[in-house]
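Everything below concerns the one structure shown next.
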Amino acid sequence: APTIAPTVSPEEQDLAEAYLSNFYGDVGVTNSSVRRLAKSSFNLDLQAMQAFFGLEVTGVLNNETVEVMKAPRCGVSDISR
Amino acid sequence: YGHFHGKPRWRKTLITYRITNYTPDLTQSQVDTAIGQAFQLYSDVTPLNFKQVSSGTADIMILFKGGSHGDFYPFDGRGGVLAHANSPGQGQGGDTHFDDDETWTLTQRSVNLLLVAAHEFGHALGLDHSRDRRALMYPTYQYVNTNGYKLPDDDRRGVQALYGSRTPV
Chain A
7 APTIAPTVSP EEQDLAEAYL SNFYGDVGVT NSSVRRLAKS SFNLDLQAMQ
57 AFFGLEVTGV LNNETVEVMK APRCGVSDIS R
Chain B
-19 YGHFHGKPRW RKTLITYRIT NYTPDLTQSQ VDTAIGQAFQ LYSDVTPLNF
31 KQVSSGTADI MILFKGGSHG DFYPFDGRGG VLAHANSPGQ GQGGDTHFDD
81 DETWTLTQRS VNLLLVAAHE FGHALGLDHS RDRRALMYPT YQYVNTNGYK
131 LPDDDRRGVQ ALYGSRTPV
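Heads up: the sequence lines are chains A and B, in that order. Heads up: take any position in the first sequence, counting from 1, add 6, and you land on our numbering. Numbering follows our numbering, with no gaps: position 15 of the second sequence is -5.
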């Protein structure tokens, strides 16, 4: 079956997971039994992040989203505590 | 603008702050002035007043330090996270930390201390991040000219919703 080439590098994927874990939720769980849940959480958190910054909400990591994640920022979560 | 869950705020109008660790990037006098100017942005539009103290525990404890610095949120080196602050409350409420792996300036170069301090003090007073790109409380750093800088409208409305305005309208 045809596959879609990833648009971001593994390093950027790691950056995104760390970013969403810090500012949008609890992504980064590596236990295999909950990996599917974590992936779902990643997509949902990514959507929340894209919506917050006014990006196209796709739940898929792209270069535009990564650029926002690389910007210097405040360390306080974007999800109200 | 947004507020933190439960809308925490200070229940008094005189709030003290103390800087316990300074950055070597600026003189202590420059840091004191920039921090004072950042607080002034809020006292211009609310009944709040801020007083710097040099000993004891202040309401808002401020430090510049890199990496691990005594809370559960170590800084990440140059770039990335620049600073963070706690919402209002007892103990460590309002405390504000600046990543000293950044280069702090009073200009457009590197990271402007006044702008970041004003953002963090917004958190220390109860403001959450704003989705308004023009707001001071937008999460990402962007330099704007600080000459004659005033609190943007979105942030002013946010802090006045918590504390009221200095001059009744």
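Quick reminder that beta carbons are idealized off the backbone N, C-alpha and C, glycines included.
For residue i, return the contacting residues in chain B, with the cut-off set at a CB-CB distance below 7 Å.
i	result
A:Ser86	Gly(-18), Phe(-16), His(-15) and Asp108
So is residue i in contact with chain A if we call contact Cβ pairs under 9 Å?
i	result
B:Gly60	yes
B:Arg113	yes
B:Thr0	no
B:Val91	yes
B:Ala97	no
B:Tyr143	no
When the cut-off is 9 Å and only beta carbons count, does residue i lie next to chain B?
i	result
A:Gly60	yes
A:Gly34	Low local confidence applies: a pLDDT of 41 at A:Gly34 is under 50, so the model's placement there is unreliable, and no value is given.
A:Ala22	no
A:Phe29	yes
A:Val74	yes
A:Gln19	no
Applying the criterion that 16 or more other CB atoms from any shown protein chain within 10 Å of the CB defines a buried residue, is residue i buried or exposed?
i	result
B:Ala63	buried
A:Ser86	exposed
B:Thr26	buried
B:Ser35	exposed
A:Gln56	buried
A:Asn28	buried
B:Ser48	exposed
B:Asp24	exposed
A:Glu18	buried
A:Asp84	buried
B:Leu131	buried
B:Val33	exposed
A:Ser47	buried
B:Leu93	buried
B:Ser110	buried
B:His(-15)	exposed
B:Asp51	exposed
State the start and end residues of the unbroken alpha helix (DSSP H) segment that holds residue i.
i	result
B:Ile(-1)	Not the alpha helix (DSSP H): B:Ile(-1) falls in the beta strand (DSSP E), residues Leu(-6) to Asn1.
B:Val11	Gln8 to Ser23
B:Leu28	Looking at the DSSP string, B:Leu28 is not in any alpha helix (DSSP H), and its letter there is neither H nor E.
A:Leu26	Pro16 to Phe29
Considering just the uninterrupted stretch of the beta strand (DSSP E) at residue i, what are its terminal residues?
i	result
A:Asn68	From DSSP, A:Asn68 is part of no beta strand (DSSP E); its letter is neither H nor E.
B:Leu62	Val61 to Ala65
B:Phe55	B:Phe55 -> no beta strand (DSSP E), and no H or E assigned at all.
B:Phe44	Ile40 to Phe44
How would you list, in chain order, the residues of chain A whose beta-carbon sits under 7 Å from the beta-carbon of residue i?
i	result
B:His103	Val82
B:Pro119	Arg79, Cys80 and Asp84
B:Ala63	Cys80 and Gly81
What I want to know is whether the C-beta of residue i ends up closer than 8 Å to one or more non-hydrogen atoms of the ligand SAH.
i	result
B:Ala98	Absence of the ligand SAH is noted for the structure shown, with no ligands found whatsoever.
Which residues in chain B have a C-beta closer than 9 Å to the C-beta of residue i? List them in chain order.
i	result
A:Pro16	Near A:Pro16 there are no residues of chain B at all, since even the closest Cβ is about 18 Å away, more than 9 Å.
Listing by chain order, which chain A residues have their CB less than 8 Å from the CB of residue i?
i	result
B:Tyr(-3)	Near B:Tyr(-3) there are no residues of chain A at all, since even the closest Cβ is about 18 Å away, more than 8 Å.
Please list, in chain order, the chain A residues whose beta carbon lies closer than 9 Å to that of residue i.
i	result
B:Tyr53	Asn28 and Gly81
Segments of 3+ residues assigned as beta strand (DSSP E) that fall wholly inside the region 67 to 133 of chain B: 76 to 78
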